[in-house]
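Enquirer: Going line by line, the protein sequences match chains A and B.
Residue numbering for the first sequence follows this note's numbering, beginning at 27 and increasing consecutively.
Residue numbering for the second sequence follows this note's numbering, beginning at 43 and increasing consecutively.
Quick reminder that beta carbons are idealized off the backbone N, C-alpha and C, glycines included.
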Amino acid sequence: MALRKEHITLRPVTKPGPDASRAEVIAFLAETARQIRLQDLALVHFGGAGHIGGDFSATDILTTLYGVVLDVAPDRVDDPDRDRFVLSKGHVAGMYYTTLAAFGFLPVADLATFLAPDSKLNGHPNRLYVAGVEANTGSLGHGLPIAVGLAKSAVLTGSDRRTYVLTGDGELQEGSNWEAMMAASQHGLDRLTVIVDRNRLQQGATTAETNDLSPLAAKMTAFGLAVVEIDGHDHGQLLDALSAHPVPGKPTGIIAHTHKGHPISYMSDNVAWHHGVPNDEQYALAVAELEALEAAR
Amino acid sequence: MSDLYDCRDAFVSTLVELAADDPRIVTVVNDSVGSSKLGAFKAAFPERLVNVGIAEQDQVGVAAGLAGGGMIPFVSGAACFLTARAMEQIKVDLAYSKRHVVLCAQSPGVGYGELGPTHQSIEDLAWLRAIDGMTIVVPADPIETAAAVRWAASYDGPVFLRVSRNPVPAIHDESYEFVPGRSVRVRDGGDVTLVANGTVLWRALAAADLLATEGISARVLSMASVKPLDVDAIVAAARETGAIVTVEEAIATGGLGGAVAETVVTEHPVPMAMLGFPGFCTTGSSAYLIDKAGMSPEGIAAAARGVVARKR
Numbered sequence: 027m028a029l030r031k032e033h034i035t036l037r038p039v040t041k042p043g044p045d046a047s048r049a050e051v052i053a054f055l056a057e058t059a060r061q062i063r064l065q066d067l068a069l070v071h072f073g074g075a076g077h078i079g080g081d082f083s084a085t086d087i088l089t090t091l092y093g094v095v096l097d098v099a100p101d102r103v104d105d106p107d108r109d110r111f112v113l114s115k116g117h118v119a120g121m122y123y124t125t126l127a128a129f130g131f132l133p134v135a136d137l138a139t140f141l142a143p144d145s146k147l148n149g150h151p152n153r154l155y156v157a158g159v160e161a162n163t164g165s166l167g168h169g170l171p172i173a174v175g176l177a178k179s180a181v182l183t184g185s186d187r188r189t190y191v192l193t194g195d196g197e198l199q200e201g202s203n204w205e206a207m208m209a210a211s212q213h214g215l216d217r218l219t220v221i222v223d224r225n226r227l228q229q230g231a232t233t234a235e236t237n238d239l240s241p242l243a244a245k246m247t248a249f250g251l252a253v254v255e256i257d258g259h260d261h262g263q264l265l266d267a268l269s270a271h272p273v274p275g276k277p278t279g280i281i282a283h284t285h286k287g288h289p290i291s292y293m294s295d296n297v298a299w300h301h302g303v304p305n306d307e308q309y310a311l312a313v314a315e316l317e318a319l320e321a322a323r
Numbered sequence: 043m044s045d046l047y048d049c050r051d052a053f054v055s056t057l058v059e060l061a062a063d064d065p066r067i068v069t070v071v072n073d074s075v076g077s078s079k080l081g082a083f084k085a086a087f088p089e090r091l092v093n094v095g096i097a098e099q100d101q102v103g104v105a106a107g108l109a110g111g112g113m114i115p116f117v118s119g120a121a122c123f124l125t126a127r128a129m130e131q132i133k134v135d136l137a138y139s140k141r142h143v144v145l146c147a148q149s150p151g152v153g154y155g156e157l158g159p160t161h162q163s164i165e166d167l168a169w170l171r172a173i174d175g176m177t178i179v180v181p182a183d184p185i186e187t188a189a190a191v192r193w194a195a196s197y198d199g200p201v202f203l204r205v206s207r208n209p210v211p212a213i214h215d216e217s218y219e220f221v222p223g224r225s226v227r228v229r230d231g232g233d234v235t236l237v238a239n240g241t242v243l244w245r246a247l248a249a250a251d252l253l254a255t256e257g258i259s260a261r262v263l264s265m266a267s268v269k270p271l272d273v274d275a276i277v278a279a280a281r282e283t284g285a286i287v288t289v290e291e292a293i294a295t296g297g298l299g300g301a302v303a304e305t306v307v308t309e310h311p312v313p314m315a316m317l318g319f320p321g322f323c324t325t326g327s328s329a330y331l332i333d334k335a336g337m338s339p340e341g342i343a344a345a346a347r348g349v350v351a352r353k354r
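1. Check whether the Cβ atoms of A/Gly201 and B/Gln101 sit closer than 9 Å, and answer yes or no.
2. What three-state label does DSSP hand A/His283 in the structure shown?
3. Which residue's Cα is closest to the Cα of B/Gln148: B/Leu124, B/Ala168 and B/Glu130?
4. Where do the ends of the alpha helix (DSSP H) carrying B/Leu236 lie?
5. Which residue wins for smallest C-alpha separation from A/Val159, given the options A/Gly167, A/Val51, A/Val191 and A/Val273?
6. Between the region 118-146 of chain A and chain B, which residues of the former have a C-beta closer than 8 Å to a C-beta of the latter?
7. Mind reading off the beta-carbon distance from B/Val75 to B/Val117? Whole number of angstroms is fine, and I expect it under 8 Å.
8. Return the CA-CA distance between A/Gly175 and A/Gln229, expressed in angstroms with no decimal places.
9. Closer than 9 Å, Cβ to Cβ, to anything on chain A: give me those residues from the region 76-94 of chain B, in chain order.
10. Taking C-beta pairs closer than 7 Å, name the residues in chain E that B/Tyr138 reaches, listed in chain order.
11. Quick check for students: name the residue ranges of the alpha helix (DSSP H) that lie wholly in the region 212-299 of chain A, counting only runs of 4 or more.
12. Would a C-beta distance cut-off of 9 Å place B/Asp230 and B/Arg204 closer than the cut-off?
13. Report the partner residues of A/Thr8 according to the DSSP bridge assignment.
14. Could you name each continuous alpha helix (DSSP H) segment of 4 residues or more that falls completely within the region 180-248 of chain B, going from the start of the chain to the end?
15. Report the residue ranges of all alpha helix (DSSP H) runs contained in full by the region 77-140 of chain B; include only those spanning at least 4 residues, in chain order.
16. Name the chain B residues that come within less than 8 Å of A/Glu205, Cβ to Cβ?
17. Note down, in chain order, each residue of its chain lying with its Cβ closer than 6 Å to the Cβ of A/Pro272, except the 5 sequence neighbours on either side.
18. Given 8 Å as the limit, is there contact between the region 172-186 of chain B and the region 249-269 of chain B, that is, 3 or more CB pairs closer than that?
19. Within its chain, find whatever has a CB closer than 8 Å to the CB of A/Lys31; leave out the 5 residues flanking it on each side and keep chain order.
20. Are the beta-carbon atoms of A/Gly120 and A/Pro38 separated by less than 9 Å?
21. Name the chain A residues that come within less than 7 Å of B/Met8, Cβ to Cβ?
22. Is B/Glu156 close to chain A, meaning its C-beta is less than 9 Å from at least one C-beta of that chain?
23. Using the Cβ count rule (16 or more neighbours within 10 Å means buried), how would you classify B/Leu46?
24. Ordered along the chain, which non-local residues of its own chain (more than five positions away) have a Cβ less than 8 Å from that of B/Ala279?
25. Tell me where the beta strand (DSSP E) around B/Leu298 begins and ends.
26. With a threshold of 9 Å between beta carbons, is A/Gly175 in contact with chain B?
27. Restricting to Cα atoms, I'd like to know which of A/Ala267, A/Val220 and A/Ser240 is closest to A/Leu227.
28. Kindly say whether B/Val144, judged by its beta-carbon, lies nearer than 9 Å to any beta-carbon of chain A.
29. Identify every residue that forms a DSSP beta bridge with B/Ile178.
30. Would you call the CB atoms of B/Ser53 and B/Val68 closer than 9 Å?
31. B/Asp64 versus chain A: which residues are under 9 Å apart at the beta carbon?
32. Report all residues from its chain with a CB closer than 8 Å to the CB of A/Arg60; omit the five preceding and five following residues, and keep chain order.
33. Using CA coordinates, which residue listed in A/Leu147, A/Lys245 and A/Ser211 is at the minimum distance from A/Gln199?
34. Please list, in chain order, the chain A residues whose beta carbon lies closer than 7 Å to that of B/Glu130.
35. Verify whether the separation of the beta carbon atoms of B/Leu80 and B/Val180 is less than 9 Å.
36. Kindly list the residues whose CB is nearer than 7 Å to the CB of B/Met337, restricted to its own chain and excluding five residues on each side of it in sequence; keep chain order.
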């Protein structure tokens, strides 16, 4: 089985206008996230590889960022004053490419080349290949230091742009993240927001069984961040936390509690789906569950 | 002997001069202001000296982010830590990402000789040569250091620049301009070629003087650009002099010697000797350790006699 152009069903979305109500914005995010999950599921199923578990824990965070929060657009990818987003958990590239395609940074048809030989849609994103990607990630623990540099450059150039970085939770076992959090706080980078996709699972087991991060909020607070904890699948909570005015002088930490594989019944919170590939039957079931979400609304 | 210089002085004065004209230039340090002699930069542009503390992975990652935000970061720290500790950030965040960041590797080689192998940085050139897209520069004197700093500020890509504290005489003249991939023939000769850079270039020149008294005419190439390499000059040296000795303040394999040997063996094989350190060094001053490894002028001359004898 191979990924082909007929498997690309996603259509670019139109963002809600400035007059849209909060309920309309949240409904837009929910429906966009559902469409993005459907497309990413097809990439992984037909492409035969990917990181579906982490893809689905991060979907609502990415959709909210690109759908509403980030001040960036496909025609402004070189604007010095654009907001910066760094995907530190680069292994969710399939989800990231799908999100970028939904919001017009990448032709949706290109998604059919995901992981194909010599494709620009590598298993981990490359800023030189895909417009809108700010950093070449894939090795864990690189995004947060880069985001600190991006946020510091905004201070040095007098720009009020914001910088967001999304890390995994298992990823925080890499010490470079804590070096960067110390520096972010020392430099008072309050236009920096560190989002942790707290799905509690890593490749081989739970984070608690592997190298426990708890108490994560207390640790990040101790490193000088202003920390909030939210439901990382609740678009209203994501919207509020990601758009909130920062605490002056402190970087923001958002611990987004999520479920790996959300909301698919057999994937959710199941470590086997870190980089599992759904077979035909599992694919059909996941599609049916995502379609039922629309019917339920 | 002529006056001796600490290349850090030329490094810092050039950087301050460039930064005065270009607000994008920043330095990123790991509590290394004193050891990098960056006091003058800190005094002139305190807000543009970004100190991340003793944290080299963060230091290089932050520099990549600063470059992404439009700055031109000069990352300065002890060569041993900057390379080994942050190797993956150098590979991924700088080279693979094509970021304009200048790594200023302070006190490389055995500059910290007495402090032992933890602080000696003899592996850096071999490690970094394997990374695609890096430009590697090993200046020999203050003029070459200043020229390399000026060039690095203008070049849009990742650069590794050794900045040494070992006292060296001035070799190049004031008109010298650094060009990547271009060497300078600092002495002409037809019997053997000595290829050297960094703080041992003057030793190669002194060895050529010794060889001249014995009737051996040695060419000396100043090869500051380890990557890209001046392949044409090396092939010409092989063809025209028939024997080559490389001399560097680094492990004998994988750095300048390795680069020259790869060219010689594929383009025009001739007898070669590669001088450098055989492995971890003992403790001692940089001069002591370099002499001990056979890179005194007499040691280099002896190696040159050896390759000349092997010529057919």
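Expert: This is what the structure gives:
1. Against the first sequence, residue 201 of chain A aligns to sequence position 175. Against the second sequence, residue 101 of chain B aligns to sequence position 59. Result no, Cβ atoms of A/Gly201 and B/Gln101 do not sit closer than 9 Å.
2. Locating residue 283 of chain A in the first sequence gives position 257, where the first residue counts as 1. Note: A/His283 maps to strand in three-state DSSP.
3. Counting from 1 along the second sequence, the entry for residue 148 of chain B is found at position 106. Out of B/Leu124, B/Ala168 and B/Glu130, B/Leu124 has the C-alpha closest to the C-alpha of B/Gln148.
4. Taking the first residue of the second sequence as 1, we reach residue 236 of chain B at position 194. Per DSSP, B/Leu236 belongs to no alpha helix (DSSP H); it is in the beta strand (DSSP E), Val234 to Ala238.
5. Stepping through the first sequence from its first residue, residue 159 of chain A is reached at position 133. Of A/Gly167, A/Val51, A/Val191 and A/Val273, the residue nearest in Cα terms is A/Val191.
6. Taking 8 Å as the Cβ-Cβ cut-off against chain B, none of the residues of the region 118-146 of chain A qualify.
7. Position 33 of the second sequence, counting from 1, holds the residue named residue 75 of chain B. Position 75 of the second sequence, counting from 1, holds the residue named residue 117 of chain B. About 13 Å separates the two Cβ atoms, so there is no contact after all.
8. Residue mapping note: residue 175 of chain A aligns to position 149 of the first sequence, counting from 1. Residue mapping note: residue 229 of chain A aligns to position 203 of the first sequence, counting from 1. Answer to the nearest angstrom: the Cα atoms are 29 Å apart.
9. Glu89, Arg90, Val92, Asn93 and Val94
10. Here chain E cannot be found, since the structure's protein chains are A and B.
11. 233-237, 242-248 and 261-269
12. On the second sequence, residue 230 of chain B is found 188 positions in, with the first residue counted as 1. On the second sequence, residue 204 of chain B is found 162 positions in, with the first residue counted as 1. No.
13. Coverage of chain A is limited to positions 27 through 323, which leaves residue 8 of chain A absent and any answer about it impossible.
14. Fully enclosed alpha helix (DSSP H) runs of 4 or longer: 184-196.
15. 81-86, 98-110 and 121-126
16. As a position in the first sequence, residue 205 of chain A is number 179, starting the count at 1. Result: Val94, Gly95, Ala97, Gln99 and Asp100.
17. Here residue 272 of chain A refers to the residue found at position 246 of the first sequence. Once the five neighbours on either side are set aside, the close Cβ partners of A/Pro272 are Asp216 and Thr278.
18. yes
19. Start at 1 with the first residue of the first sequence, and residue 31 of chain A comes out as number 5. These residues qualify, in order along the chain: Ala135 and Ala138.
20. Position 94 of the first sequence, counting from 1, holds the residue named residue 120 of chain A. Position 12 of the first sequence, counting from 1, holds the residue named residue 38 of chain A. No; because the gap between Cβ atoms is not below 9 Å, this pair is not in contact.
21. Shown here, chain B extends from 43 to 354; a query on residue 8 of chain B therefore has no answer.
22. The residue given as residue 156 of chain B occupies position 114 in the second sequence. Not one chain A Cβ lies under 9 Å of B/Glu156.
23. Along the second sequence, read from residue 1 onward, the residue named residue 46 of chain B stands at position 4. Classification of B/Leu46: exposed, given that the 10 Å Cβ count is below 16.
24. Locating residue 279 of chain B in the second sequence gives position 237, counting from the first residue. Thr235, Val237, Arg261, Leu263 and Ile286.
25. As a working note, residue 298 of chain B is residue 256 in the second sequence. Counting along the chain, B/Leu298 falls outside any beta strand (DSSP E), though it belongs to the alpha helix (DSSP H) covering Leu298 to Glu309.
26. Counting from one through the first sequence, the residue named residue 175 of chain A turns up at place 149. So yes, A/Gly175 belongs to the interface.
27. In the first sequence, counting from the first residue as 1, residue 227 of chain A sits at position 201. Ranked by Cα distance from A/Leu227, the options A/Ala267, A/Val220 and A/Ser240 are led by A/Ser240.
28. Taking the first residue of the second sequence as position 1, residue 144 of chain B is located at position 102. When Cβ-Cβ separations below 9 Å define contact, B/Val144 makes no contact with chain A.
29. Along the second sequence, read from residue 1 onward, the residue named residue 178 of chain B stands at position 136. DSSP, once it has assigned bridges, lists B/Phe202 and B/Lys269 as partnering B/Ile178.
30. Residue mapping note: residue 53 of chain B aligns to position 11 of the second sequence, counting from 1. Residue mapping note: residue 68 of chain B aligns to position 26 of the second sequence, counting from 1. First, the residue type needs correcting, since residue 53 of chain B is Phe and not Ser in the sequence shown. Taking 9 Å as the Cβ cut-off, B/Phe53 and B/Val68 do not qualify as a contacting pair.
31. Indexing the second sequence from 1 puts residue 64 of chain B at position 22. Correct list: empty, because the minimum Cβ distance to chain A is about 13 Å.
32. As a working mapping, residue 60 of chain A is identified with position 34 in the first sequence. Here the set comprises Leu316, Leu319 and Glu320.
33. If you number the first sequence from 1, residue 199 of chain A lands on position 173. Sorting A/Leu147, A/Lys245 and A/Ser211 by C-alpha distance to the C-alpha of A/Gln199 places A/Lys245 at the top.
34. Taking the second sequence and counting its residues from 1, one reaches residue 130 of chain B at position 88. Within 7 Å Cβ-Cβ: Ser165.
35. Taking the second sequence and counting its residues from 1, the one referred to as residue 80 of chain B is at position 38. Taking the second sequence and counting its residues from 1, the one referred to as residue 180 of chain B is at position 138. The Cβ atoms of B/Leu80 and B/Val180 do not sit closer than 9 Å to each other.
36. Here residue 337 of chain B is taken as the residue at index 295 of the second sequence, counted from 1. Same-chain partners within the cutoff: Val242, Arg245, Val289 and Leu317.
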